Amino acid sequence: MPDLSHHARRLRDLADLLEAQSKPSNDPLAPHPDTLAVIGNRNVKRGQLNYAVPDALQIQRRIRRYHADHGVQHGDIVAYALDAYLRAHGYPPDLASSQDDGDRSR
191 MPDLSHHARR LRDLADLLEA QSKPSNDPLA PHPDTLAVIG NRNVKRGQLN
241 YAVPDALQIQ RRIRRYHADH GVQHGDIVAY ALDAYLRAHG YPPDLASSQD
291 DGDRSR
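Each residue of the sequence shown is one higher than the last, beginning at 191 in the numbering used here.
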């Protein structure tokens with residue numbers, strides 16, 4: 191009988207990835223529950239992002255305005271937006287491994 195353990199492992203990995211993605215909701219930009227938990231934990235380690243973005247998009251001004259209107263911290267706004275984008279494109283975080291052994295993805 192052929193060894194199908196490799197296929198079973200791949201199917202489990204695929205199921206884990208699908209589970210990590212957001213469930214469809216009325217609001218396509220609603221944060222994933224795992225993301226809300228991570229951002230809500232103020233003791234979580236944070237890292238600096240530093241990327242150049244087109245000035246014409248007025249990203250910094252829009253983030254400052256959103257913060258003023260809603261009280262969401264600048265870093266949290268960026269984290270919500272990038273997490274939603276990356277999850278939608280099939281790149282969910284591996285929260286279990288980053289909590290177990292620190293974030294080695296840098």
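C-beta atoms are modelled at their ideal positions from N, C-alpha and C, and glycine is treated no differently.
What you are looking at is a predicted structure, and each value in this text was computed from that prediction instead of being measured.
Asked	Found
Measuring only from the beta carbon, is Y256 closer than 7 Å to any heavy atom that is part of the ligand GDP?	Judged by which ligands are present, the structure shown has none, so any question about the ligand GDP falls away.
Relative to the alpha-carbon of R254, which residue among A205, H264, V268 and H196 has its alpha-carbon at the smallest distance?	H264
Judging by CA-CA distance, which residue of A198, D203 and H196 is the nearest neighbour of G280?	D203
Using C-beta distances below 6 Å, list every residue in its chain close to V243, excluding the 5 sequence neighbours before and after it, in chain order.	I249
So H260 is in the alpha helix (DSSP H); what residue range does that whole segment cover?	I249 to H260
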